[in-house]
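The structure appears below as structure tokens.
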Amino acid sequence: MDSREELKSRLHRIEDMGGPSRVQRQHQMGKWTARERLAYLLDDDTFEEIGAHVAHRATRFGMADADAPADGVVTGYGRIQGRPVYVFAQDFTVLGGSLGEMHAAKIQRVQDLALKSGVPIIGLNDSGGARIQEGVDALNGYGEIFKRNTWSSGVIPQITVIMGPSAGGAVYSPALTDIIIMVRRTGQMMITGPQVIQAVTGETVTAEDLGGADTHLRRSGVAHLVADDDQEALDLVRDVLAFLPQNWMEEPPFLESADSLFRADDGLPFIIPDDANKPYDVIRIITAILDDAKFFPLQAGYADNLVVGIGRLGGRPVGVVANQPRVLAGTLDINASDKLARFVRFMDAFNIPVVTLVDTPGYLPGTHQEYGGIIRHGAKVLYAYAEATIPKVTIILRKAYGGAYLAMCSRSLGADLVLAWPTAEIAVMGPEGAANIIFRKDIEASADPAAKRMAKAEEYRVEFANPYVAAERGYIDAVIEPQHTRSHVARALMVLYNKRDERPKRRHGNIPV
Ligand code: HXC
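See below:
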């Protein structure tokens, strides 16, 4: 065989991966192969493979004769919407996509190149975990990957798609990346599987209930996005990347929009109900602000009392954080605090301004919250906002009480500009609670305590629960007409675009975790 034929034959074998029967089984499970996934994800004819000929060098447990094309992972680089990316895709058809020494080395190689080049990296995971036959070499491979995930954090965007099993310590590489997208029914993440759980705790649970996409979207908060199949998951990768810069030193991508920055929304002044205890959907306000009313929520389904997500304003990506009065009255709890803090740090790492919409009666009361460490988790919110140097614009829509007023990017915590709707109420606590405390003696002495309480609450509301006391002190920069919110925020961000802000030099902060 001449040298060109040898290359052709070797590549043919590698293209085949686990062979027709295993590929057929993969398709029967509703999954694509690694190569099919990369072909769909990347722009046409842009994929350049690295390490196609890499082979394992394990000999024990029958591995000496085991043929493992590409050692079960396809690695390389290509383009998405014209922008370079590094990729790796584990192939379940080869030894169950299991991770051995050389498989891990291939992933580390693209991680190193992505970090050096300042280019995002996307991992498509479909693996039985550490290759059992390779023992400690496989474990060491994971450690090397985790280390690189950590070093790349905040330098380049890292996106993971869970398209098959991800078990044991293998879940921690995805968990160290910025975004996890999971495919329903086929993608599962768990530290210990159903059998181990049954043996140790006696609990019975299916793999999907334990570690499926909806479990991690709604219960654990591990997943940011879920998809019904491989195709939809890969579309989501492209959607997310469109908002992100190539690395921390670049600006996020601009996308021209025909939507006028001066577009008024005459419905906005009527969104907030007259009754202060009635809810409304804050998404309606978010979409009124963003270009073409397009909002891309993250972790929707988890801690829905807080909404986070990305959109564009004047063509530039902007992160949005908003209390959601429809769920738990928009209170901040442990999960919402974690969700908020991680999102603000993600935006700050990649130069994306944050707009915060405030309507919260405070932190959620209860022993469950206190014992669960709301102090520690709530502190992350303060830390994330105070640490962030991106442009920060806050709009107080209605309630901004007590600690939650401060936490939701108040002036004192570092907001560059604080706007308020005329319906804003800034106070240490709600009028009823305040009246109960400061007018307790008056109320108790009254012939009609209920009526007295109402009157005193109203007195407090008129005095404090409005935007003007805070505006007089300069804690609020402007009280705006709700229908013009989009143009006010757009103008604010335009002048803040070149903002430069420094923090004291140090090794690193010590965020409460
Ligand atoms: C070697 C593996 C493997 C593994 C699967 N295979 N997992 N080979 N090491 N970890 C092989 C199988 O032997 C089989 O080979 C092929 O992949 C397909 O696997 P099946 O079992 O036939 O597929 P399926 O029925 O779909 O089940 C998938 C699975 C199951 C649920 C993932 O294979 C499984 O439970 N695997 C072990 C999972 C595990 O415990 N991994 C270690 C986790 S601990 P053939 O030749 O028959 O096609 C870990 C530690 C990391 O990862 C620590 C980091 C700090």
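With my numbering applied, the sequence shown covers 490 to 1002. Glycine included, C-beta positions come from ideal geometry on N, C-alpha and C.
- Query: What number of angstroms, rounded off, separates the C-alpha of T704 from the C-alpha of R526?
  - Reply: Residue numbering aside, residue 704 sits at position 215 when the sequence shown is read from its first letter. Residue numbering aside, residue 526 sits at position 37 when the sequence shown is read from its first letter. Their Cα atoms are separated by approximately 24 Å.
- Item | Span of the beta strand (DSSP E) around M671 | The residue you call residue 671 lines up with position 182 of the sequence shown. Judged by DSSP secondary structure, M671 falls within the beta strand (DSSP E) whose first and last residues are 668 to 672.
- Cβ shell of R568 (< 8 Å), same chain only, five flanking positions each side left out: Against the sequence shown, residue 568 aligns to sequence position 79. Excluding sequence neighbours, R568 sits near L531, D532, T535, V574.
- Spatially closest choice to L757 from D764, T776, E739, by CA coordinates: Within the sequence shown, residue 757 is the residue found at index 268, counting from 1. Among D764, T776, E739, the Cα nearest to that of L757 belongs to T776.
- Which one or two residues does DSSP pair with E921 in a beta bridge? One-based indexing of the sequence shown puts residue 921 at position 432. Here E921 is not bridged, per DSSP, to any residue.
- Query: Comparing the CB of R511 with every heavy atom of ligand 1, is any distance shorter than 7 Å?
  - Reply: Taking the first residue of the sequence shown as 1, we reach residue 511 at position 22. True, at least one ligand heavy atom lies under 7 Å from that Cβ.
- Pull up the distance between the alpha-carbon of E692 and that of P1001, whole angstroms please. If you number the sequence shown from 1, residue 692 lands on position 203. If you number the sequence shown from 1, residue 1001 lands on position 512. If I take the Cα positions, the gap works out to 32 Å.
- Return the Cβ separation of A541 and I503 in integer angstroms, given the expectation that the two are a contact with Cβ distance under 8 Å. Along the sequence shown, read from residue 1 onward, the residue named residue 541 stands at position 52. Along the sequence shown, read from residue 1 onward, the residue named residue 503 stands at position 14. Cβ-Cβ separation between A541 and I503: approximately 5 Å, consistent with a contact (criterion under 8 Å).
- Query: For S606, does the three-state DSSP call read helix, strand or coil?
  - Reply: Position 117 of the sequence shown, counting from 1, holds the residue named residue 606. Here S606 sits in helix by DSSP.
- Item | Cut-off 7 Å between Cβ atoms - residues of its own chain near Q687, not counting five sequence neighbours on either side | Position 198 of the sequence shown, counted from the start, is the residue given in the question as residue 687. T693, listed in sequence order.
- Item | Extent of the continuous alpha helix (DSSP H) to which R943 belongs | Taking the sequence shown and counting its residues from 1, the one referred to as residue 943 is at position 454. Going by the sequence as given, residue 943 is Met instead of Arg. For M943, the enclosing alpha helix (DSSP H) has its first and last residue at 938 to 953.
- Item | Check: R620 C-beta below 7 Å from any heavy atom of ligand 1 | The residue given as residue 620 occupies position 131 in the sequence shown. R620 Cβ: within cutoff of ligand 1.
- When we look at the beta-carbon of I669 and count the other beta-carbons within 10 Å, is it buried (16 or more) or exposed? In the sequence shown, counting from the first residue as 1, residue 669 sits at position 180. Buried, since its Cβ has 16 or more Cβ neighbours within 10 Å.
- Which residues in the same chain as G618 place their Cβ atom closer than 6 Å to its Cβ, once the five residues preceding and following it in sequence are excluded? Here residue 618 is taken as the residue at index 129 of the sequence shown, counted from 1. Closer than 6 Å at the Cβ level, and outside the excluded window around G618, lie A656, G657, A659.
- Item | Nearest-angstrom Cα separation, counted from D560 out to M591 | For this step, residue 591 is matched to residue 102 along the sequence shown. For this step, residue 560 is matched to residue 71 along the sequence shown. In this structure, the straight-line span from the alpha carbon of M591 to that of D560 is close to 7 Å.
- Task: Compute the Euclidean distance between the alpha carbons of A528 and H977, then round it to the nearest angstrom.
- Result: Indexing the sequence shown from 1 puts residue 528 at position 39. Indexing the sequence shown from 1 puts residue 977 at position 488. Rounded to the nearest angstrom, the two C-alpha atoms are 43 Å apart.
- Message: Tell me the DSSP secondary structure of D724 in three-state form.
- Response: In the sequence shown, residue 724 corresponds to position 235, counting from 1. It is helical.
- Message: I'd like to know if the stretch 671 to 689 and the stretch 802 to 813 are in contact, where contact means that at least 3 CB-CB pairs between them fall below 8 Å.
- Response: Contact between the stretch 671 to 689 and the stretch 802 to 813 is not established, with fewer than three Cβ pairs separated by less than 8 Å.
- Item | Continuous beta strand (DSSP E) stretch holding N812: start and end | Position 323 of the sequence shown, counted from the first residue, corresponds to residue 812. Taken as a continuous stretch (DSSP letters only), the beta strand (DSSP E) holding N812 covers 805 to 812.
- Query: For N1014 versus V816, is the C-beta distance shorter than 8 Å?
  - Reply: Only positions 490 to 1002 of the chain appear in the structure, and residue 1014 is not among them; the question remains open.
- Query: Quick one: any contact between the stretch 922 to 936 and the stretch 892 to 910, if contact means 3 or more CB pairs under 8 Å?
  - Reply: With the cut-off at 8 Å, the stretch 922 to 936 and the stretch 892 to 910 do not touch.
- Which residue comes first and which comes last in the beta strand (DSSP E) that contains S912? Locating residue 912 in the sequence shown gives position 423, counting from the first residue. Reading the sequence as shown, one finds Thr at residue 912 and not Ser. Here T912 belongs to no beta strand (DSSP E), and DSSP marks it neither H nor E.
- Is the closest heavy atom of ligand 1 to the C-beta of L628 under 7 Å? By one-based count along the sequence shown, residue 628 stands at place 139. Correct: L628 has its Cβ closer than 7 Å to ligand 1.
- Should H997 be labelled buried (16 or more other beta-carbon atoms within 10 Å of its own) or exposed? Stepping through the sequence shown from its first residue, residue 997 is reached at position 508. H997 sits exposed, since fewer than 16 C-beta atoms from the chains shown fall within 10 Å of its C-beta.
- Which residue spans inside the stretch 735 to 818 form an unbroken alpha helix (DSSP H) run of at least 4? Those alpha helix (DSSP H) runs which fall completely within the stretch 735 to 818 and span 4+ residues are 771 to 778.
- Express the C-alpha separation of N955 and Q677 in angstroms, rounding to a whole number. Sequence index remark: in the sequence shown, residue 677 carries index 188 (1-based). Sequence index remark: in the sequence shown, residue 955 carries index 466 (1-based). Their backbone Cα atoms lie some 48 Å apart in a straight line.
- Quick one: what does DSSP say S899 is sitting in, helix, strand or coil? Here residue 899 corresponds to residue number 410 of the sequence shown, with the count starting at 1. Here S899 sits in coil by DSSP.
- Message: Please determine whether the Cβ atom of Y874 lies at a distance below 7 Å from any heavy atom of ligand 1.
- Response: The residue given as residue 874 occupies position 385 in the sequence shown. Short note on Y874: C-beta not closer than 7 Å to any heavy atom of ligand 1.
- Message: My output table needs one value for L846: the three-state DSSP class, helix, strand or coil.
- Response: In the sequence shown, the residue the question calls residue 846 occupies position 357. Correct three-state label for L846: strand.
- For K994, the first and last residue of its enclosing alpha helix (DSSP H): Here residue 994 is taken as the residue at index 505 of the sequence shown, counted from 1. Per DSSP, K994 belongs to no alpha helix (DSSP H) and is neither H nor E.
- Ignore the nearest five residues each way along the sequence and tell me which others in S901's own chain have a CB closer than 7 Å to its CB. If you number the sequence shown from 1, residue 901 lands on position 412. Excluding positions up to five away in sequence, the list reads L895.
- Proximity test, P683 beta-carbon vs ligand 1 heavy atom, cut-off 7 Å: Here residue 683 is taken as the residue at index 194 of the sequence shown, counted from 1. No, ligand 1 has no heavy atom inside 7 Å of this Cβ.
- Item | K988, DSSP secondary structure in three states | Along the sequence shown, read from residue 1 onward, the residue named residue 988 stands at position 499. Look at K988 here: in three-state DSSP terms it is coil, with no helix or strand label.
- Message: Closer than 8 Å is the cut-off here; do at least three beta carbon pairs connect the stretch 508 to 521 with the stretch 580 to 587?
- Response: Under the 8 Å Cβ criterion, the stretch 508 to 521 counts as touching the stretch 580 to 587, having at least three qualifying pairs.
- Query: What's the C-alpha gap between Q788 and Q600?
  - Reply: Walking along the sequence shown from the start, residue 788 turns up at place 299. Walking along the sequence shown from the start, residue 600 turns up at place 111. Looking at the two C-alpha atoms, the distance is approximately 26 Å.
- How about P558: is its Cβ closer than 7 Å to a heavy atom in ligand 1? Residue 558 sits at position 69 when you count from the first residue of the sequence shown. No - ligand 1 has no heavy atom lying nearer than 7 Å to the Cβ of P558.
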